[in-house]
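Taking it in order: structure first as structure tokens, then the write-up.
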DNA sequence: AATGAATGAGCCTTCATTCAT
DNA sequence: TATGAATGAAGGCTCATTCAT
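Chains as they are written, first to last, in the working numbering: chain A, 191 to 424; chain B, 191 to 424; chain C, 191 to 424; chain D, 191 to 424.
This is how it looks when you write it as structure tokens:
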């Protein structure tokens, strides 16, 4: 896999092929390959040469699309951030209790962490960026954190969540989720969806005024509201 | 602050001063300064020159104590790992339920994460080490993970922990804790102890067959067995 | 002299000039300059900076053509070795007595020793090479030695050379020739050709069953037996 | 052998032993070890640390006896040169034909080349010395060369050697001999004496007006049928 | 748009040498 | 005399970035 690479699947510069696709398509292809290489080897060990070669182009060609290595890094991050922004926007528009929103966020965020661009949100180091961009990243991180806190605070207010310190609770939950970006390996025994399901329960159950099981249990019928996570109790 | 540095507090090579302290003391001083610089700037951006200068010595002098930059990195990690090993050993020797051990581990591990050497366990990248050492690191990480899982499994067996998937539960808890190493800043509003207290409850409450409060509540009087965490409800 | 250098004569990177010559031409130009600098200053004292500067380029530019300093050293050697291989191949194809071949080899080898690449065969130290290449060098040296011995043995067999120990005789002759690489200075009073002529006679006359002069003078039978040298006929 | 080293045989700084031997003895011990290391690894690759360690002392201790690495190199050379000077002095005082002297020189020089200090005469690079010493070396080399030429010229004058160009003949002979310093390995199949014997004949036979055998044969009584033993006439 | 070639900047590492003890 | 510790000097190598084509 490392040798064949996935160049054939991803590169718009197919050798001996038409090279007329749109500029943005190529730009994105660079980002997809770059994020992969950066995650695989680490930003500093990864060279633009490696990125370029896997795309069947040469290093200077990258400079047609990006001004610098750190700009590529930033754009990778930005794509991941966009996903999170969208996902938060959707949840914000939904009508749910604080706990519901929190769970939705945990689930969606967990899934995002299992993607390359999602992982780039937590695996890349803002200090590698120009101050200008580093600040954007930090602001966005703060934004996500605040979202977690807000959902928790909402939950406390609407009674769906037990009183607690939203700040630390948010840290705990976000930490768990962010860590997924560090250990998740595509092709492992756990699917992103399974992980997301499990985390959505696990991380919020302690906060819920009524735990999932109890809630459903008390609510009489509904023997099981949640499907058993693959591998549970294994 | 960058200029004054904290050299005066940490360096055994006080300029124009006695230089007779023991070799091991100096070796450790190098590590303390190195881990600080590495955490502050990131391993790749940090230069040995910077480390040396802050110690009032020159770069080659470092080579009296270490063979290479990556060996320094490894030794930093090793010091952190030692802390964790010790801490696990103590807990292993204790007579507690699985849940008790888990909470003890969470608490101690959280505190460790708030130290430089502790943070180095999760902020440094094993890929920067020589394969030889990288393997040691990976093995140790596996060891910690297994410890978390073991305590959970014990807890399930002894009834102190609700049935769950020990693997994912361990990931969730360890993730939360590891993340502390990324966000904790000395001098912030939260003390390591406060964080540890909170996390020890927060991360295990969802797992406990009986939550802290409920347990104490049901246990008749004993309105509260745990001290209010500093800053709780803040 | 050090300042003017001979850059103008040898460098394809003429400053402010066309820079379009072929890559191989440049690669070779690097080798020509490198062998010169290495011989002039010795491999260890010579720096790549010096080589580059004389070529009107910068040090890293050399890495476009070679992977490391020792690879350059090896390639210099290889070019000299090629010359010798060619020269041996020609002699091997010729129809001559063993003595004839030996003389031809001595002559051609002597001339080679008076060239930069030829001298590099004996002035460079294989221990400066990577084991991989060092082994190639050693093997090639053995090959040359064996060629000398073979010609001598052939000569003994065909009667053109007096019985003697081919091994030591080869050492003696090759030593004389190799030493040329150490003392020959371009621009001295002796031309390579004159040296080669003289050595071809001098080094083989003692071996010839009939010396050059005697053979032509006496032009007669005059068989002679001499006692075999210790170790001869081994 | 490399591991045990020969420290125990050569070092006056035997650990846990009396350390009171004379300064000059130590100085010489350093030189004996240094020349060995320098020959074994090459002057530049060899470090003073290595030399010191093999002597069971530390690097700075060497500076009690020598001012610099290159001074050590020079002294090694000087010791070898002394041997050659002595040997030439003896031959100069002897009453022999030019050919006789030449043969004696060849024999003795060949044997010297098989010693460490002798090899240092031809394996070390004067350019590694300070100009001051380098000049001494060059002068001495010229001296040796002139001695060869002188003996040859004497031989031509006294009729023991065929007319020839003394300069080139000297180069040829000295080259052969010098090369011994490059290929001779202690413990090989050839003893220094055997090599010297063979070279004394081989290298001069071509020059002799009458070859060894012829001379003895024609000279009727054959006062000496046996080769002159090593050091004979010395 | 793409490339081959080149550069500038910088860092790790080595080692002879010095210094205080 | 010997040593541990430290330094200064230097060189090889890497790589992001630029330039001319």
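Backbone N, C-alpha and C fix where the C-beta goes; we use that ideal spot for every residue, glycine too.
None of the values given here were measured: they were computed from a predicted structure.
Item	Value
Residue 351 of chain D, DSSP secondary structure in three states	strand
Beta carbon of residue 339 of chain D nearer than 9 Å to that of residue 396 of chain C	no
Unbroken alpha helix (DSSP H) run spanning residue 262 of chain A, endpoints	259 to 283
is_contact[residue 260 of chain A, chain B] using C-beta, thresh 9 Å	no
For residue 216 of chain D and residue 218 of chain C, the rounded distance between their alpha carbons	50 Å
Contacts around residue 337 of chain B, its chain only, beta-carbon distance under 6 Å, and the 5 residues preceding and following it disregarded	278
Proximal residues, the region 355 to 369 of chain D versus chain C, C-beta separation under 9 Å	355, 357, 358, 359, 361, 362, 363, 364, 365, 366, 367, 368 and 369
Buried or exposed (CB count within 10 angstroms, at least 16 for buried), residue 394 of chain A	buried
Residue 318 of chain A beta carbon less than 9 Å from that of residue 260 of chain A	yes
Residue 288 of chain C - containing alpha helix (DSSP H), residue span	288 to 303
Beta carbon proximity, residue 275 of chain D to chain C, threshold 9 Å	no
Rounded C-alpha distance that separates residue 275 of chain D from residue 213 of chain B	51 Å
Integer Cβ distance of residue 242 of chain A from residue 229 of chain A, believed to fall under 8 Å	Not a contact, Cβ separation roughly 17 Å.
Any chain D beta carbon closer than 9 Å to residue 212 of chain C	no
Contact set between the region 241 to 257 of chain D and chain C, restricted to residues whose Cβ is under 8 Å from the partner	none
Residue 387 of chain B to residue 256 of chain B span [Cα, whole Å]	38 Å
Near-chain C residues of the region 266 to 300 of chain D (beta-carbon distance less than 9 Å), N- to C-terminal order	none
Any non-hydrogen atom of the ligand GTP within 8 Å of residue 273 of chain B CB	Looking for the ligand GTP in the displayed structure turns up nothing, as the structure carries no ligands at all.
Buried versus exposed call for residue 321 of chain D [16 or more other C-beta atoms within 10 Å across all chains shown]	exposed
Residue-level contact to chain D via CB, residue 237 of chain C, 9 Å cutoff	no
Chain A within 9 Å of residue 375 of chain B, Cβ atoms only	no
Counted within 10 angstroms of its Cβ, other Cβ atoms place residue 298 of chain D as buried (16 or more) or exposed	buried
Beta-carbon contacts of residue 313 of chain A that lie in its chain and below 7 Å, excluding the five residues immediately before and after	229, 371 and 372
Buried or exposed by the 16-neighbour rule on C-beta atoms within 10 Å, applied to residue 280 of chain C	exposed
Contacts of residue 317 of chain C in chain D (Cβ-Cβ under 8 Å)	231, 232 and 235
Chain D contact residues for residue 325 of chain C, given Cβ-Cβ distances below 7 Å	Under the 7 Å cutoff, chain D gives no residues; its nearest Cβ is about 17 Å from residue 325 of chain C.
Cα-Cα separation, residue 271 of chain D to residue 220 of chain B	49 Å
Opening and closing residue of the alpha helix (DSSP H) in which residue 362 of chain A lies	356 to 373
Residue 249 of chain D to residue 238 of chain D span [Cα, whole Å]	6 Å
Whole-angstrom distance between residue 266 of chain D and residue 247 of chain D, CA atom to CA atom	19 Å
Close beta carbons around residue 475 of chain B, own chain, < 6 Å, minus the five adjacent residues each side	In the structure as shown, chain B begins at 191 and stops at 424. Residue 475 of chain B is therefore absent and cannot be evaluated.
Whole-angstrom C-beta distance between residue 295 of chain D and residue 345 of chain D, which should lie under 8 Å	Actually they are not in contact, since the Cβ atoms of residue 345 of chain D and residue 295 of chain D sit about 11 Å apart, beyond 8 Å.
Collapsed DSSP secondary structure at residue 234 of chain D in the structure displayed	coil
Endpoints, alpha helix (DSSP H) assigned at residue 252 of chain A	249 to 252
Expected contact under 8 Å - CB spacing of residue 389 of chain C and residue 300 of chain C to nearest Å	5 Å
Classification of residue 240 of chain C by the beta-carbon crowding that lies within 10 angstroms, buried from 16 upward	buried
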